[in-house]
Structures are given as structure tokens and as C-alpha cells.
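Notes follow once the structure below has been shown.
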Amino acid sequence: MGRKEDAARKAKAKAKVGGKADKHADLLDKVEKEKMLKDNNVVRAAVLDTAVITGVLTSSKQSLDLKIEQFSLSVYGKEFIKDTKIELTFGRRIGLIGQNGSGKSTMLAALAAREVPIPDSIDIWYLDSEAKPQEVSAIQAVVDVVASEHARLEALSLKLMEEDVEKHADMLGVIQDKLDKMEPETFEPRACELLHGLGFTRAMMNKHTKDMSGGWRMRVALAQALFVEPMLLLLDEPTNHLDLGACVWLEEYLSKYPNTLLFTSHSEDFMNGVCTHIMQLTQKGTLVTWSGNYATYVKTRAELEKNQLTKYKKEQDDIAHLQAFIRSCGTYKDMLIQAASKQKIIDKMVEAGLTEKPEVDPIYPFAFPDSEKISPPVLAFSNCSFSYSGKKEDHLYENLELGVDLDSRIALVGPNGAGKSTLLKLMLQQIEPTVGEVKRSGKLRIGHYNQHSEEVLDLEQTPLGFLQTLYPNGIVTTEGMTKMETPQWRGKLGMFGVSGDFQTRKMKTMSDGMKTRVVMLLISLVNPHCLLLDEPTNHLDMQCIDALAMAINNFSGGLVLVSHDFRLIGQVAKEIWVCDNKTIAPWKGDIQSYKTHLKKQVMKKFKQ
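Residues 2 to 609, numbered by the numbering used here, are exactly what the sequence shown covers, in order.
Shown next as C-alpha cells:
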């Protein structure tokens, strides 16, 4: 008994020491990971604190390609991505698509934070937030980051050569190429080139980042990422804070990105210009990679699903025919033999694997209600000039003469800072013209969306609870005040794509796209005569953008749209107004001809 007790005591002590060692190792891993994230300028997203992510690295640690199998992702216990494969082949430019709330942004954040095993030698840059507000110029903010990256690459190159030159040959080649491009004496000119492409003037480049808006600091962060040129660049809606000109420039720039690029975007035009592949996050939570850009993906998928549906219907018809024969056989012995033979055919078909019915992406045909007609002029600008300072030399606009009526379908385009959002504020009477007058019908109700509209939501509430709190007595319709019960509110939310458990989840747990859908519902409840929409697509998926276009086209009132989405403008706008040089002038062609015009300007920048 003494020997047994002694052995048990030793085993217990050993387990205790081992446990401490494991904890120590875990702590070291955590510290090392945090250091690595800091070195790569990645901030771990808060959503990952409530997420469970698993995955197995199946590619070589020395490979430039990245393959992760058995990848799963769940948040708050809800599984979004299930036992699938991520394959990022070096040099591919991949557009990640999927419905709002499907987990795309969380997946990018998980990869960036290395929540799954990714070799240390693959540096990652994840762009989802703006550059820090500091007392440094935009130029210096870019140069400082690149200088730090240059030093890191030199140290890494030395480390890999000391370990094994042959083993790390591919990696060393890529690092050396990057170092050759990152000549310290060219840091400032290159930083200026990138900032200029993203819309900065020389004066703005020298402005401190602490004095910039979030949108301009996002452009600084984008310039940092493009200059660093990581082996794996992760971008979450990179065009959200850009005007059309900067979108065209970025499209051209990223179309030549030499390393691996994985990004989300709601812009079909942008993905057509950049992508070599599309990664689809399906409704089942799997990842499917398609060759080609977005247009190729749509065509290939449609053809595949058409063939799949034909095969599915044939199999189901064959099975139904066989089952009908089996049911007709009765109890006669010779007929039972035939029935058993037919059943064997069905069993073999099932065993071989039946074709699944293709899943169609859901469509949310939401609508803005029709309102009573208003006699023109609905909105009229008479000899209007405006400046925020009130001084003539600061005028954003001078001598504007224009009008908006209920049959207007106008897209405002032009560079950032030219005054597109300011024009909408004048229409809303949030500001008054310095000179002249904006006449607005007293009966006019406006449905307004801007990039800060989500701030009206109480994120601690659920969409259903929020609406019931906001409209306790019901809503005004063409029939008068209408009391809304829970089923009616659920129906309204469902029409805007907020369905299932999303209706009863706190809005702080929802994606930006889902929040935008709730805001669109609020706009419809105003029963507007005119829609003023400032970048409404920033967080919407393709299906919801198409639904928005359909809702606008079916709407009986007027529209003034500011958007960097060429496709949406092409779907809904009848007029293009160019805001620039203190005035507004109609564009004679369509939005694609305007894009061609911008592209020519961009190519001049590239040549210069």
C-alpha cells in the first residue's frame, strides 16, 4: 500500500507541475500572439471575445499559400460557418460575398487575429478602422508605418537565413522583393502618390490626422496598408469612405496587387475590376470558391444551378413515379417482387447520393409607401450660395438655380469635399444658404439616410422592442393612425430582411448591414414624398441593394442619391449632377460614361 500511495503522490505532483507548465505555455502563446498582432498593426476585434473559432492548418508552414480545413465560427452560440475549408492561394485577389449577418466581417477579424493557425512568416494587415488621430501629418503617418515594416522585414529575413536558407527560399524571395520596392529614400514620394490617388490635396497631406474626419483617417489607413503590401491583405468594405474617383483609382491599384488579397465589398463594379476569384459564404455556412470576377461568378453559378435543378427535378420525378408504382402493387406475390425491384432502384439512387435542390438567395422586396401628391415646386434653389464660415471666399456653392420634384431621380457625383452632403443639408434645412433662398413645400416629408443614421437606434434593444417603444400608439398611414401589433411589426421587419431570431436579438450584436435594414424600415414609416439617400449601400449585401433599387424604382416620390456604387446609380438615376468647382452641372451621359471619364483621369495619375 505504501508503494501505491507514493506512486499516486508522485503522479499527482507531476500532473500539478505539468498543469502549471501548460498554463505557462498558454500564457507565453498569448503574449507572443499579442506581440505579433501589435507588430502587424492588427487590433483584435471585440466580437471575437464572444466567438468560438476552430480550424486546422493543412498547408506547409513554409508555403506562401494558406489552407485551413475544418474551419468553424460561432458567435453567442450561433454557428455561422460550419466545418468548411479556407483556401487562399498566393497571388489571388478574392472577393468574399454573403448575406448581411452571415459572419463575413467576423471571419476576416478571426483571420487577422490568428484565431486559427497561420504561419508567423505570413504577415497580415487587416483594414477595418481608421488611422489614429495624432499630431502627425498624413504623410508622416504613412511613412512611420512603412519604416517600421521595413525594419521588421529586414529582421525577419536575417532570422530565416540563420534558420535555413533552402527551406525558406520562397519566403525569402518575397521578402527581398518587398524590401527592394521599399527604398527608404522613396518613402515620402510613394506616400504622397498613394494619398494623392485617394483624393488628398497637398495641403491635406500635411494636415495632422487628429484634425481629420473618420473618413479621411480611413484613407490614411488604406494608404498605410497599400504601401506595406502585406502577404495577406484583408479589407472590409474598402470603398465605404471613398468618392467615385477614389473608388476607380483603388480599383485600378488593387487589380495589380501582387500578394494575396481577401476583401468584402457590396460593389459589383469594384469586384469585377479587382477579383480573380469569388469566395461565397453560403446560406449553409460553407465557403465555396469560384474562378473569375463577380460577373463571371453570377453567370457560372446560374448555369450550374440551372443544370442542378434540372437533374434534381428528374430524380424527384423518377422517384415519385417508382413510388407510385410500388403503392399500386397491392399484395399480389408477383407484384410484390416487382415492387421490391423498384424499391431497390430507389435505394441505389439514395445510396449514390441524390442531387440537392439549389438554394436561391433570399430576396426582400421591401417598399416605400406612396404618399399624396404635392404641387411643384417641391424643393427649389434660388440664386443660392453657401459657406460654413459665411465668407464669400469660402463658398462651397455659388449662384445655384435648381429644383427637385416628385418625379426627380437624381444622382449627385463629384469629389469628396465638393459639397454633396452639404447640398442635402440645405435641402433638409439643417443649414441655411449664405445668399439666396431654398424654397420647400410646407407639406413635404423627407426620408433621409446618411452614414450616421444607425446612431438613432437603441442598440440595447431588439428591433421588435425598439419599434414597439418608438411607436406605442401606432403609425400614420394613408388611412390615418394604424395600431401595430407584434405580428404586424414582425411582418414589417421581415419585409426588410430582418427575420427569424434577428428580430429578437439586441441590435448591438447585429452586423452593420442588419442595422441599416432597420433604418430603412424607419424611413419607410415616415411615409416620405422624397428620399435623400447619402451612401445607403455602405453595409448592404447585393440582394438588399437590388431590393433597394426595386423599392426606389417603384416609389412614387422623388430621389436625390449620393453613392459610390456605380451599379445602384445605373439602376435608379435618370439624371447625373456633377458637384465641383462651386457649382452643380448636369452630366450629359450615363453613369458608366462618367466612370470612363474618371478612369481616364486616374490613368493620367498613374502615368504621372
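All residues carry an ideal CB built from backbone N, CA and C; glycine is no exception.
Which residues does DSSP list as the beta-bridge partners of residue i?
| i | result |
| --- | --- |
| A385 | The question names Ala, but residue 385 in the sequence shown is Cys. Its beta-bridge partners are L401. |
| A412 | L562, I577 |
| E482 | A small correction: the amino acid at residue 482 is Met; Glu does not occupy that position in the sequence shown. DSSP output for M482 lists V477 as bridge partner(s). |
| H267 | DSSP lists no partner for H267. |
| I82 | L74 |
| K392 | K392 is not bridged to any residue. |
| T290 | M280 |
| T301 | The partner list for T301 (beta bridge, DSSP) is empty, contrary to what the question assumes. |
Would residue i count as contacting chain C if we go by Cβ distances under 8 Å?
| i | result |
| --- | --- |
| L355 | The displayed structure is made up of one protein chain only, and chain C is not part of it. |
Once DSSP output is grouped into helix, strand and coil, what is the label at residue i?
| i | result |
| --- | --- |
| C531 | strand |
| A419 | coil |
| R93 | coil |
| A114 | coil |
| K39 | Low confidence applies here, because K39 scores a pLDDT of 48, under 50, leaving its location unreliable; read the following figure in that light. K39: helix per DSSP, three-state reduction. |
| H598 | helix |
| E438 | strand |
| A52 | strand |
| L29 | Note that L29 has pLDDT 40, beneath the 50 cutoff, so the model's placement of it is unreliable and the number below is only indicative. Looking at L29 - three-state DSSP - the assignment turns out to be helix. |
| L255 | helix |
| L620 | It is not possible to answer for residue 620, since the shown part of the chain is limited to 2 through 609. |
| H322 | helix |
| Y472 | coil |
| I375 | coil |
| W217 | helix |
| Q190 | Note on identity: in this sequence residue 190 is Pro, with Gln being the wrong assignment. Here P190 sits in helix by DSSP. |
| H151 | helix |
| K208 | coil |
| I553 | helix |
| T237 | Contrary to the premise, residue 237 reads as Asp rather than Thr in this sequence. Strand, per DSSP. |
Can you tell me whether residue i is buried or exposed, with buried defined as 16 or more other CB within 10 angstroms of its CB?
| i | result |
| --- | --- |
| G354 | exposed |
| M108 | buried |
| N554 | exposed |
| G498 | buried |
| L159 | exposed |
| V166 | exposed |
| Q225 | buried |
| A114 | buried |
| Q602 | exposed |
| M162 | exposed |
| Y389 | exposed |
| Y295 | buried |
| S557 | exposed |
| G59 | Sequence check: residue 59 is Thr here, not Gly. Counting Cβ neighbours within 10 Å, T59 comes out exposed, since fewer than 16 surround it. |
| A204 | exposed |
| V249 | buried |
| L533 | buried |
| L547 | In the sequence as displayed, the identity of residue 547 is Asp instead of Leu. Buried is the call here. |
| E33 | Reliability of the predicted coordinates at E33 is poor, the pLDDT of 48 falling under 50, and the value obtained from them is presented with this limitation in mind. Answer is exposed; the Cβ neighbour count stays below 16. |
| K516 | buried |
| P366 | exposed |
| D129 | buried |
Select from the options the residue whose C-alpha is nearest the C-alpha of residue i.
| i | options | result |
| --- | --- | --- |
| G293 | M206, D362, L310, G96 | G96 |
| D348 | S329, M336, I320 | I320 |
| G200 | L245, K105, P359 | L245 |
| I653 | K509, D171, S61 | In this structure the chain extends from 2 to 609, so residue 653 is not present and cannot be described. |
| R93 | M280, S442, D145 | M280 |
| A368 | K421, E316, P529 | P529 |
| K358 | H209, K343, L251, N308 | N308 |
| S454 | L401, D406, G514, V436 | G514 |
| L74 | A110, M172, L67 | A110 |
| S386 | P377, E399, N207 | E399 |
| E194 | E306, K589, L227 | L227 |
| V117 | N101, I98, F72 | F72 |
| R302 | T283, Q317, K315 | T283 |
| M232 | P434, M543, L65 | L65 |
| G104 | I54, I123, P587 | I54 |
| V275 | M551, T297, E136 | T297 |
| N384 | G391, L403, S376, H396 | L403 |
| V361 | Q339, S376, Q100 | Q100 |
Sorry if obvious, but does the Cβ on residue i come closer than 7 Å to a heavy atom of the ligand MN?
| i | result |
| --- | --- |
| S130 | As presented, the structure is devoid of all ligands, the ligand MN included, so that no description of it is given. |
Would you check if the stretch 466 to 482 and the stretch 442 to 455 touch, i.e. whether three or more CB-CB distances between them fall below 8 Å?
Short answer: they don't touch.
Please confirm if the stretch 503 to 511 is in contact with the stretch 451 to 465, defined as three or more CB-CB distances below 8 Å between the two stretches.
Taking a cut-off of 8 Å on C-beta distances, the stretch 503 to 511 touches the stretch 451 to 465, as three or more cross pairs fall below it.
Using a Cβ distance threshold of 8 Å, determine whether the stretch 514 to 525 contacts the stretch 84 to 95, with at least three qualifying pairs required.
Between the stretch 514 to 525 and the stretch 84 to 95, the count of C-beta pairs closer than 8 Å stays below three; the two stretches do not touch.
Do three or more CB pairs link the stretch 571 to 582 to the stretch 406 to 424 at distances below 8 Å?
Judged by Cβ distances under 8 Å, the stretch 571 to 582 makes contact with the stretch 406 to 424, as three or more pairs qualify.
Can you find at least 3 beta carbon pairs, one from the stretch 565 to 577 and one from the stretch 233 to 248, that sit closer than 8 Å?
Look at the beta carbons and you see the stretch 565 to 577 touching the stretch 233 to 248: at least three pairs across the two are nearer than 8 Å.
Determine contact between the stretch 68 to 79 and the stretch 260 to 272, defined as no fewer than three beta-carbon pairs at a distance below 8 Å.
Counting Cβ pairs under 8 Å, fewer than three are found: no touch.
Okay, do the stretch 209 to 229 and the stretch 570 to 577 touch, 3+ Cβ pairs below 8 Å being the bar?
The stretch 209 to 229 vs the stretch 570 to 577: no contact.
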